[in-house]
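*Asks:*
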Amino acid sequence: MIKNLIILGSTGSIGRSALKIIKKNKKDFKISLLTTNSNVRRIFNQALEFNVKKVVINDKSNFQKYSHLFKKKKIKVFFEIDNALKNVHKKVYLTISAISGIEGLEPTLKIIKFTKNIGIANKESIICGWKFLNYELKKNNTNFIPLDSEHFSINSLINSENKKNIKKIYLTASGGPFLNMKLEDIKNISPKYALKHPNWKMGKKISIDSATMMNKIFEVIEAKKIFNLDQKIFEIIIHPKSYVHAIVHFKTGLIKFLAHDTTMQIPILNSLYKKDETFEYYGNDFDIKKINNISFLKPNVKNFPLLKILNFKFSNTYFEVILVSLNDALVKMYLENSIKYISIHELLFKLLKNPYLSKYFKISPKNINEIKNMVKKVNKFLYEYLNKK
Ligand code: NDP
Ligand code: MG
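Going letter by letter, the sequence shown gives residues 15 to 403 in the numbering used here.
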């Protein structure tokens with residue numbers, strides 16, 4: 015059976031990893047829809063290479079400027095996802111949700127009723143909108159697969175276990191490019207260095223989040239929501255080689271961990287097929303040297319102060335939306351060289367303490383529009399705050 019697929023954010027790092035693995039197994043898949051924000055050249059080439067007949071360009075000016083190129087090749091091109099989903103009556107087999115940032119939430123929510131399975135990499139949407147995603151998943155009987163490698167591993171390790179027997183779950187973090195440096199010494203470090211992740215090739219936003227350790231904080235929140243377990247069960251552990259992705263310690267005395275090569279192609283491949291199907295990842299052979307070199311250490315809060323955020327309680331309030339929005343905006347400013355590396359940390363803590371924002375920490379958004387409004391509110395507040403200084 016040929017499986018129909020949709021990739022949201024096909025021009026990004028996860029989207030391209032997905033296409034690489036699909037290319038290696040081309041006979042099993044057909045892609046119905048690809049989407050981009052504005053990378054017209056790349057999505058055009060992807061559509062031609064994979065014979066995709068529908069694409070979405072989210073950016074209006076690029077959509078207007080380049081639509082004719084697609085039409086010439088008989089590819090339907092849409093502005094925004096809703097337009098592409100009109101008159102679709104049959105569910106595809108699997109959708110990969112790989113848009114970056116909180117902007118991924120709305121398209122992910124909208125696609126759920128059009129897909130039997132959904133692999134979500136977009137962690138911001140899980141962190142801010144899990145309640146709404148989960149509701150849609152249940153309502154439409156759509157199966158959810160966590161794609162973030164740590165969550166994919168945790169899922170594989172616990173899905174046939176009694177959750178009550180879980181004592182601790184460790185999410186591994188490489189420590190990023192600044193693991194062996196003092197925060198004091200990298201206060202002004204330029205994005206060029208912060209983007210150089212030692213093990214993973216990822217989009218810019220998540221690469222900076224890995225350097226500051228915010229990525230791992232997001233992953234703890236993501237895990238708490240997906241697996242519906244007490245926050246205290248989760249702990250972050252540094253594992254510089256990024257070979258082991260999660261460790262689960264059971265009350266029964268057993269400790270299980272899952273290792274795989276450092277590529278997102280593996281969780282993606284394993285979500286494209288069911289367990290009872292036969293498929294293969296043609297990667298590195300089992301390497302004794304690699305296994306013998308596995309090491310773990312506790313993270314140092316002094317060098318990664320954002321870890322203190324884990325002292326907050328995460329419970330589907332505006333706190334998560336505010337945290338994600340502030341971080342999105344600060345990382346963007348850092349990448350544009352308009353704030354220093356240290357300012358991501360300092361501003362984040364200062365703003366989280368500001369009563370204008372903290373008054374929302376006990377309130378929960380009732381729908382996705384309220385989340386979108388809060389994102390706007392946070393950005394406006396941040397803009398005014400920085401311009402007042
Ligand atoms: P990238 O920045 O590489 O790609 C993002 C994709 O989303 C691109 O296709 C981009 O289009 C599209 N996009 C961005 N903004 C919008 C928007 N407003 N509307 C519609 N589409 C948009 O990110 P990654 O692939 O690295 O990450 C994607 C998600 O997966 C993130 O949430 C990240 O945290 C998560 N993730 C990533 C991992 C990785 O290894 N990269 C690992 C685990 C999770 P365009 O090309 O035009 O910019
Ligand atoms: Mg991860």
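By construction, the Cβ of each residue, glycine as well, lies at the ideal position given by its N, Cα and C atoms.
Please list, in chain order, all residues of the same chain as L99 whose beta carbon is under 8 Å from its beta carbon, the five residues on each side excluded.
*Replies:* Excluding residues within five positions, the ones whose Cβ falls inside 8 Å are K124, I125, F128.
*Asks:* Thinking I382 and F146 are a contact (beta carbons under 8 Å), I'd like their distance in whole angstroms, please.
*Replies:* I382 to F146, Cβ: 6 Å. Contact.
*Asks:* Run the CB neighbour count on N229, radius 10 Å, all protein chains shown included, and call it buried at 16 or more, exposed below.
*Replies:* That one is buried.
*Asks:* Mapping DSSP to helix, strand and coil, what is G29?
*Replies:* Helix at G29.
*Asks:* Under a criterion of Cβ closer than 7 Å to any non-hydrogen atom of the ligand MG, which residues qualify, in chain order?
*Replies:* Per the Cβ criterion, the list is D162, S163, E164, N229, E233.
*Asks:* Kindly list the residues whose CB is nearer than 8 Å to the CB of T277, restricted to its own chain and excluding five residues on each side of it in sequence; keep chain order.
*Replies:* Excluding sequence neighbours, T277 sits near S31, G297.
*Asks:* Need the endpoints of the beta strand (DSSP E) that K182 sits in, please.
*Replies:* Element bounds for K182: 180-187.
*Asks:* Which residue's Cα is closest to the Cα of K86: V70, F58, F310?
*Replies:* Comparing Cα-Cα distances from K86 to each of V70, F58, F310, the minimum goes to F58.
*Asks:* I need the DSSP call for L243, collapsed to helix, strand or coil.
*Replies:* Of the three classes helix, strand and coil, the one that applies to L243 here is coil, per DSSP.
*Asks:* If you scan the stretch 142-223 from start to end, which runs of the alpha helix (DSSP H) of 4 or more residues do you find wholly inside it?
*Replies:* You should have 163-172, 205-208.
*Asks:* According to DSSP, is H82 part of a helix, a strand, or is it coil?
*Replies:* Three-state result, H82: helix.
*Asks:* If you follow the beta strand (DSSP E) that V91 is in, where does it begin and where does it stop?
*Replies:* Its beta strand (DSSP E) spans residues 90-93.
*Asks:* Output yes if chain D places a C-beta closer than 7 Å to the C-beta of N202; else output no.
*Replies:* Among the chains in the structure shown there is no chain D, since it carries only a single protein chain.
*Asks:* Enumerated in chain order, which unbroken segments of the alpha helix (DSSP H) with a length of 4 residues or greater are wholly contained in the stretch 283-371?
*Replies:* Entirely contained in the stretch 283-371, the alpha helix (DSSP H) runs reaching 4 residues are, in chain order, 302-306, 332-349, 355-367.
*Asks:* If you drop the 5 nearest sequence neighbours on each side, which residues of the same chain put their C-beta closer than 6 Å to that of F43?
*Replies:* Correct list, in chain order: K17, L19, I36.
*Asks:* Spatial neighbours of G29 within its chain, please: C-beta separation below 6 Å, excluding the five flanking residues on both sides.
*Replies:* Answer for G29: I21, G23, A112, listed in chain order.
*Asks:* Cβ of M278 within 6 Å of any heavy atom in the ligand NDP?
*Replies:* Indeed, a heavy atom of the ligand NDP lies less than 6 Å from the Cβ.
*Asks:* On the DSSP bridge assignment, give the partners of Y229 in chain order.
*Replies:* For the sequence presented, residue 229 should be read as Asn rather than Tyr. N229 is not bridged to any residue.
*Asks:* How long is the line joining the alpha carbons of P160 and I172, rounded to whole angstroms?
*Replies:* For P160 and I172, the distance between alpha carbons rounds to 13 Å.
*Asks:* In the DSSP output, what is E249 paired with across the bridge?
*Replies:* Paired residues: Y184.
*Asks:* With a threshold of 8 Å on Cβ separation, who are the neighbours of E94 within its own chain once the five nearest residues in sequence on each side are excluded?
*Replies:* For E94, where only same-chain residues beyond five positions count, the Cβ hits under 8 Å are V70, N72.
*Asks:* Below 8 Å, can you find three or more Cβ-Cβ pairs linking the stretch 139-154 to the stretch 74-83?
*Replies:* The stretch 139-154 is not in contact with the stretch 74-83.
*Asks:* Using a threshold of 7 Å, state whether the C-beta atoms of I132 and T156 are closer than that.
*Replies:* Yes, they are a contact pair.
*Asks:* If I follow the unbroken alpha helix (DSSP H) through L119, where does it start and stop?
*Replies:* 119-125 is the extent of the alpha helix (DSSP H) around L119.
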